[in-house]
Amino acid sequence: MASNQVSTMDRRRIGFLHRVNAALSSDFCPGANRYIDWLKNPFWILVLAIAGSITCGIMLNPLVFGLAAILIVVTGVGVLFPWISIRGIDCRVSFDVRRTRVGLPALARLTVRNRWPLPAWGLSLIRGFAVDADKDGGEGIALARVPGWSTVEYSWAFEPRQRGIYPNDTAEIETGFPFGLLHASRVAAVDGQLVVWPETVRLDGMPDAAESVQTEERCSERRVGEFGEMMGTRPFRNGDSLRRVHWSQTARQQTLIVTERQAPAITSVRVVVDLSDSSHVPGRGEETVDMCVTVAASLCESLHRQHARVELAVGNRFFVAGETTASFNRAMDALATAGTESTRAPFGETQSQGYEICVTTMAGVVPGVPHQIVVGWHDEAENAWIGLDSRDSLLNRFPDLWRRSCHVT
C-alpha cells in the first residue's frame with residue numbers, strides 16, 4: 008500500500024516537473040522571433056550596453072563614461088581581431104580518396120598558411136562538410152592555434168552523415184576569437200571532391216530472371232549449351248558433336264546418347280528508381296527519397312557483386328553497370344547525387360533484356376506491375392512485391408525479404 012502511494016506521488020511530481028519545463032521552454036510568441044533574433048548575438052548586447060552607459064554618463068554621472076570606454080575597447084577587440092586575423096590566412100582542402108560511403112570515414116587534409124607574424128587562434132572549418140553548418144555535428148575540424156609565418160597541414164577522419172558530393176557548400180574557414188562577437192571567414196580552396204555513396208545493406212541471392220547476355224564466366228542452370236556442369240543426357244540428334252557422346256550410356260542403351268551442359272549467360276536486371284515529385288509527398292519526401300536510393304544502391308551493389316548485368320534508371324538518366332568497375336562507379340555516383348525529379352522514370356512499359364524491379368512509394372505504385380519494392384508500405388497496401396515501412400525494416404528485414412522473394416533457401 009505504501010509503495011503504491013510512493014509511486015503515485017512520484018508520478019505526480021514528475022508530471023508537475025514536465026509541466027513546469029514546458030511552461031519555461033515554450034515559445035509563446037513565435038511571431039515576434041524575427042524582431043528579437045538579433046539579440047541572440049552578444050555584439051548587439053554590448054552595443055546596447057554602450058548606448059546605455061553613454062546615456063547614464065550624460066544624464067547621471069560622468070564616471071559611467073569609464074565603463075562605456077571599457078565596453079568600447081572590448082567590442083572593438085572582439086570585432087577587429089577576427090577580421091584582421093583571417094586576412095592573413097590561406098587554406099586548401101584535399102581528400103585522400105575519391106569515394107566513400109555514409110558512415111565510413113575518409114581522410115581529409117587541411118593545409119593552412121599564416122602570412123601574419125601573429126598566431127591565429129580558434130580557426131574552424133565547418134561549412135561545406137556539415138549537414139547543418141549552424142549545428143556542431145563533428146564533421147569539420149577546429150584548430151586551436153596556427154603559428155605566425157608558418158604553413159601547417161592537419162588531417163582528420165571526415166565521417167559523412169549524408170550522401171552527396173563534398174564539400175556540399177562553399178568551404179570556408181572562420182574564426183571568432185577572442186570573444187565570439189564576430190565570426191570572420193575566408194573561402195578555402197578545394198582540390199578535387201569527395202563522392203559519398205548512400206548506405207547499403209548486403210543482399211544475397213539472384214532473382215529468377217531471364218539470362219540474356221552470353222559469357223563463359225557464368226552459366227545458366229535453365230539453358231542448354233556446351234559449357235559448365237553437365238545437366239543430363241538425351242538421344243543423339245543430327246548435328247551434335249561426337250565429343251558430347253556419352254559412351255557408357257550409349258553402350259547400355261545400344262543407341263547414341265549425348266550429354267547436355269549449361270549455356271553461358273549472366274542475369275540481366277533493370278532497377279528503376281521512382282523519384283518523381285508526385286510519388287514523394289511533402290513532409291516525408293526527403294525520408295522516402297533516401298529510402299528509395301538506399302534500396303536501389305543495395306540492389307545494384309549486391310547484383311553487381313554476383314556478376315549480374317545491372318541497368319539503372321533514375322529519372323530520364325540511364326546507366327549500365329556491367330563487368331567493369333568504372334560503369335558500376337558511375338551508377339553509384341548517380342545515386343549519391345539523386346534527388347526528386349519532375350518526370351517519372353518509366354517502368355512496366357519498357358522491354359528490358361531481363362528482370363525489371365521498381366523502387367517506389369505508396370503514392371507511386373502502379374497496379375498490375377510486378378516486382379515493385381514499396382517504401383513507406385503498410386499492411387493494407389496491395390501490389391507490393393516487397394514492402395518496407397520504415398528505415399529500420401530496410402536495414403534489418405530487407406535482406407530476409409529479398410532472399411525469400413528470390414526463392415533462395
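Numbering follows my numbering, in which position 373 of the sequence shown is assigned residue number 380; successive positions increment by one, without gaps.
Virtual Cβ for every residue (Gly too), placed ideally from N, Cα, C.
This structure is a prediction, so every number in the text was calculated from the model and none was measured.
Nearest-angstrom Cα distance between residue i and residue j?
i, j, result
"Val100", "Leu111", "19 Å"
"Leu210", "Ala338", "18 Å"
"Thr347", "Leu31", "40 Å"
"Ala195", "Glu330", "39 Å"
"Met369", "Ser285", "11 Å"
"Thr182", "Leu189", "8 Å"
"Asp97", "Arg20", "57 Å"
"His287", "Arg398", "15 Å"
"Asn68", "Ala58", "14 Å"
"Val276", "Val252", "36 Å"
"Ile91", "Ile79", "18 Å"
"Thr295", "Val321", "15 Å"
"Val202", "Val104", "9 Å"
"Val373", "Gln169", "30 Å"
"Thr332", "Val280", "21 Å"
"Asn336", "Leu395", "26 Å"
"Phe23", "Lys47", "30 Å"
"Gly212", "Gln379", "17 Å"
"Thr222", "Thr274", "Low local confidence applies: a pLDDT of 49 at Thr222 is under 50, so the model's placement there is unreliable, with the coordinate-based value given in what follows. Cα to Cα, Thr222 sits roughly 10 Å from Thr274."
"Gln313", "Ala113", "27 Å"
"His311", "Ala304", "10 Å"
Find the nearest neighbour of residue i within the set the options, judged by alpha-carbon distance.
i, options, result
"Trp254", "Asp247, Gly246, Ser248 and Ile264", "Ile264"
"Ser157", "Thr207, Ala304 and Thr118", "Thr118"
"Val109", "Thr344, Thr332 and Val372", "Thr344"
"Val71", "Leu402, Ile61 and Ile79", "Ile61"
"Gly85", "Glu179, Pro185, Asn40 and Leu114", "Pro185"
"Ile93", "Ala113, Arg41 and Ala191", "Ala191"
"Gly147", "Trp163, Asp17, Pro289 and Val159", "Trp163"
"Leu306", "Pro289, Arg410 and Ile43", "Arg410"
"Gly171", "Arg134, Gln200 and Gln260", "Gln200"
"Asn323", "Glu308, Ser349, Val302 and Arg18", "Ser349"
Which residues mark the beginning and the end of the alpha helix (DSSP H) in which residue i is found?
i, result
"Cys299", "Gly292 to Arg312"
"Thr344", "That residue, Thr344, is in no alpha helix (DSSP H); it is neither H nor E in DSSP."
"Leu53", "Pro49 to Met66"
Exposed or buried, which one is residue i when buried takes at least 16 other CB atoms within 10 Å?
i, result
"Val415", "In this prediction, Val415 has a pLDDT of 46, which is less than 50 and means its spatial position is unreliable; what the coordinates show is noted afterwards. Exposed is the call here."
"Glu293", "exposed"
"Asp297", "buried"
"Ala151", "exposed"
"Ile180", "buried"
"Gly73", "exposed"
"Leu87", "exposed"
"Glu160", "exposed"
"Ile364", "buried"
Taking a contact to mean a Cβ-Cβ separation below 9 Å, would you say residue i touches residue j in this structure?
i, j, result
"Val381", "Ile393", "yes"
"Val300", "Leu319", "no"
"Val54", "Thr15", "no"
"Thr240", "Thr266", "yes"
"Trp51", "Gly95", "no"
"Leu130", "Ala178", "no"
The beta strand (DSSP E) with residue i in it runs from where to where?
i, result
"Leu114", "Ala113 to Asn121"
"Asn128", "Strictly speaking, residue 128 in this sequence is Trp, with Asn absent from that position. Here the beta strand (DSSP E) through Trp128 covers Ala127 to Leu132."
"Gly110", "Segment: none, Gly110 is in no beta strand (DSSP E) and carries neither H nor E."
"Trp156", "Taken as a continuous stretch (DSSP letters only), Trp156 belongs to no beta strand (DSSP E), as it is neither H nor E."
"Arg99", "Ile96 to Phe102"
"Asp284", "Counting along the chain, Asp284 falls outside any beta strand (DSSP E), and DSSP gives it neither H nor E."
"Ser192", "Ala191 to Val194"
"Arg351", "From DSSP, Arg351 is part of no beta strand (DSSP E); its letter is neither H nor E."
Any beta-carbon of chain B closer than 9 Å to the one on residue i?
i, result
"Ala191", "No chain B is present in this structure, which holds just one protein chain."
Is there at least one non-hydrogen atom of the ligand NAD closer than 8 Å to the beta-carbon of residue i?
i, result
"His385", "No copy of the ligand NAD occurs in the structure displayed, which carries no ligand at all."
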